[in-house]
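First residue of the sequence shown: 0, per numbering that gives the first Met the number 0; consecutive thereafter.
Step one of this worksheet: look at the structure below.
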Amino acid sequence: MSLRGVGASAAARTLVLWDGIPQNDPFGGWVTWSRYAPGLLSSGRIVPAAQAAVWGNQSPAGVVHLSSADPSADLNRFQTLGGSHGTRGFTLMSQRETNDATLAAQASVHALRSAGFHGLQRDQRGVVDRRLGLMTRSADFRVVWRPENNLSVEPRLSFHKERRGNGTVLSRNATEALDLSIRITGKTPVLTWQGLAYYQKRSFEAVFAKVNADRSAEVPALDQFDVPGEGLGGGLTATLSSGEGHEVVLGADLRRLRGETNELAGFVDGAFLRQRRAGGEQLVGGIFIRGIREGAAARWSLEASARVDYWAFADGLRTERRPATSDLLRDSSYGDRAGMEPSFSGALRYRLSESLGVRTSVATSFRLPTINEVYRPFRVRNDITEANPGLRPERFDTVDLGMEWRPAPGLFCDVGVFHHWIGDVIANVPITDPSEAASVAGFVPPGGSVAQRRNVDDARVLGCSFKIRWKVSARWSVLLRYLFSRSRFTKSVEQNELEGKPFPQSPEHSAVVGVRGSPLPKLKVFAEAEIGSSQFDDPLGERRLGSWWTTRLGGEFEVADDVTIHARVDNLFDQEITTGVSSVGLRSIGQPRSFWMGMNWAF
């Protein structure tokens, strides 16, 4: 997930929390959004980058808070979905609460299957190309126990399984996730405290293929047959409130992560020549304090936070053997390393009048490289990206300025500007020297390329955002959002060609305009158009992706008090949107026009 386009690679710079539990994968930092069943979430809230430093690692671009729906009443819900590309799915949720409200339980199951769409441009497809199929299944069970009015205990168990086709007969990946957590919350008139603990287990596997020039045949190129990940963590926070506009939050958290990749590489004459194992352990923990002060009549508020984290990488290794004979080809261990990272933030809001308010915030924070970035290589077609066990943490310094204006009843405007200074930003740096590329990756595929995750000295992201929300009438509203985000590598000693280049997959301009309304008492409709400017698919700015636009519309109709049907069309005018370009010119494309329809039945 990328907010404001601040990432120089696909690794997440945004922390996602579900009821306080980190959702970023312990191995790769990504978030598997398909695991969240509709109906389980009640709300989502985004904390901007300059106010997110108190959460430490993985939060330099912001924090997304997801909150569960409260199982405070007996309810059953059945939801269905079907549509284009052979898509069909369902969600079944049930919740129960005792008469005295001391105990509540919520359970859900969710499944989705789709034949998918072709991810490669039509005139470039061959015999081996297939649709991007998807199959997911998940289950979630949660209990809320209130032994006292001011105390709650919430254990949770969730499981998710996903399989994806990656565009050819052989290319595919699969994920399994198991999560266990418990959250305990206590409240008094002046103190609210919360303790949580969690365990996360992941299993991942992927096969990457090498396809010939006319795409009539393929062979496996990399088989990552076992990529386990594990996370164990917890935290404790205490919020003290004086009731006079003062609030202080104290806390500490700890997360231990471990992962490795077991893979077969170097497929020649019908057999793999190398079996590789690489991985290690990461530990990060911190303590923090946050203070909030509100002025009279809430006309102004001041917020400040400070945090210090200890981090460590340990037990790093990489071994390679001949699969047929088990002969040792490489046996490397990486020295343990550790460090301390401080984070600070400050924010001021001031209401100049009933209709106008201004805000400013500053922050400094960091992001550790994930275990995936440090140890696991990957391949997309003939383009290889190698891992790097020597990656250093990224440092972010951020400034935000903004204004909120309500010039008339029903009209809201928000304008903001931001600037990120990023040190040691991690990017997939192309290796243009053939001998160096061969030494890093072992070999270079014909017509392919080699890159390695490396720290680039300095980068900047400068931008502004603009949002207008206009409630035209009691039934209709209009929304306009615009984002300008200009990213640049500003200093790169090891790769001078990067200097002045924008981040990959980071358009400077993007906008959404939408209309929502209720033309009839039981009917709600919406229509949106979204555009994005051109961008590049590589750090050197050689593979351009053109500008794009798309539209979507939909609605829902209340058939009865407990039954609603909904429908939507994505990419209404069937625009072919290029999402990636390989080093040999193969163009990946996004979802074509798609129609979805479903039902929501509460009983």
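Even glycine gets a Cβ: it sits at the ideal position worked out from N, Cα and C.
Distance between beta carbons of residue j and residue i, contact taken as under 8 Å
| i | j | result |
| --- | --- | --- |
| GLY462 | PHE417 | 6 Å |
| GLU229 | ARG273 | Their Cβ separation, rounded to whole angstroms, is 25 Å, which puts GLU229 and ARG273 out of contact at 8 Å. |
| GLY540 | LYS500 | 5 Å |
| ALA68 | LEU40 | 7 Å |
| ARG95 | ASP73 | 5 Å |
| GLY118 | GLY85 | No, GLY118 and GLY85 are not in contact; Cβ-Cβ is about 15 Å, not under 8 Å. |
Alpha carbon of residue i to alpha carbon of residue j, nearest angstrom
| i | j | result |
| --- | --- | --- |
| SER83 | ASN570 | 12 Å |
| PHE224 | VAL142 | 36 Å |
| THR184 | LEU253 | 18 Å |
| GLY4 | VAL460 | 8 Å |
| VAL621 | ASN261 | With the chain covering only 0 through 602, there is no way to say anything about residue 621. |
| ALA9 | LEU133 | 21 Å |
| LEU14 | THR324 | 44 Å |
| PHE502 | THR318 | 33 Å |
| LYS200 | PRO388 | 23 Å |
| GLY334 | SER434 | 27 Å |
| ASN608 | THR191 | No information on residue 608 is available, as it lies outside the stretch 0 to 602 that the chain covers here. |
| SER42 | ALA100 | 22 Å |
| ASP314 | ARG255 | 13 Å |
| VAL568 | SER587 | 22 Å |
| ALA251 | ILE181 | 16 Å |
| ALA601 | ASN75 | 6 Å |
| LEU111 | LEU328 | 43 Å |
| ALA426 | ARG452 | 5 Å |
| VAL477 | SER215 | 50 Å |
| PRO506 | ASP573 | 21 Å |
| LEU347 | LEU150 | 33 Å |
| GLY294 | LEU301 | 8 Å |
| HIS159 | GLU527 | 31 Å |
| ARG485 | THR135 | 36 Å |
| ARG359 | GLU243 | Position check: residue 359 holds Thr in this sequence, whereas Arg was assumed. Each residue's alpha carbon lies about 23 Å from the other. |
| PRO406 | GLU353 | 10 Å |
Contact under 7 Å by Cβ, residue i with residue j
| i | j | result |
| --- | --- | --- |
| VAL428 | ALA458 | no |
| ARG366 | GLN57 | yes |
| GLU385 | ALA440 | yes |
| GLY28 | THR369 | yes |
| VAL511 | ARG480 | yes |
| ARG306 | SER342 | yes |
| GLY81 | LEU131 | no |
| GLY234 | LEU195 | yes |
| ASP536 | GLY589 | no |
| ARG298 | ARG350 | yes |
| SER517 | ARG474 | yes |
| ALA437 | VAL443 | yes |
| ARG232 | GLU259 | With the sequence shown as reference, residue 232 is identified as Gly, and Arg is not the correct amino acid for it. Result no, Cβ atoms of GLY232 and GLU259 do not sit closer than 7 Å. |
| SER59 | PHE395 | Sequence check: residue 59 is Pro here, not Ser. Yes; because the gap between Cβ atoms is below 7 Å, this pair is in contact. |
| PHE556 | LEU585 | no |
Beta-carbon proximity list for residue i, same chain, < 7 Å, skipping 5 on both sides
| i | result |
| --- | --- |
| ILE45 | GLY61, VAL63 |
| THR90 | ALA36, PRO37, GLY38, GLN78, SER107, HIS109 |
| ALA220 | PHE207, ALA208, LYS209, PHE266, ARG378 |
| VAL168 | VAL127, ARG129, GLU217 |
| GLN22 | VAL15, LEU16, VAL30 |
DSSP three-state assignment for residue i, whether helix, strand or coil
| i | result |
| --- | --- |
| ILE430 | coil |
| GLU372 | helix |
| ARG612 | Nothing about residue 612 can be read from this structure; the chain reaches only from 0 to 602. |
| ASN261 | strand |
| VAL189 | coil |
| LEU351 | coil |
| VAL583 | coil |
| LEU2 | coil |
| GLU541 | coil |
| ASP122 | helix |
| GLN94 | strand |
| VAL471 | coil |
| TRP29 | coil |
| PRO491 | Contrary to the premise, residue 491 reads as Ser rather than Pro in this sequence. Three-state DSSP puts SER491 in coil, outside helix and strand. |
| LEU272 | strand |
Cβ-based neighbour list, residue i, same chain, cut-off 6 Å, excluding 5 preceding and 5 following
| i | result |
| --- | --- |
| ALA205 | ASN172, GLN223 |
| LEU249 | ALA237, ILE288 |
| SER448 | ASP382, SER582 |
| PHE604 | Only positions 0 to 602 of the chain appear in this structure, which leaves residue 604 out of reach. |
| THR397 | ALA48, ALA49, ALA362, HIS419 |
| ARG145 | THR101, SER151 |
| LYS466 | ASP413, ARG480 |
Proximity test, Cβ basis, 7 Å: residue i and chain B
| i | result |
| --- | --- |
| VAL514 | No chain B appears in the structure shown, which is made up of a single protein chain. |
8 Å Cβ shell around residue i - same chain, five flanking residues per side excluded
| i | result |
| --- | --- |
| GLU498 | PHE488, THR489, LYS490, SER491 |
| PRO392 | TRP310, GLY338, GLU340, PHE365, ARG366, LEU367, PRO368, ASP423 |
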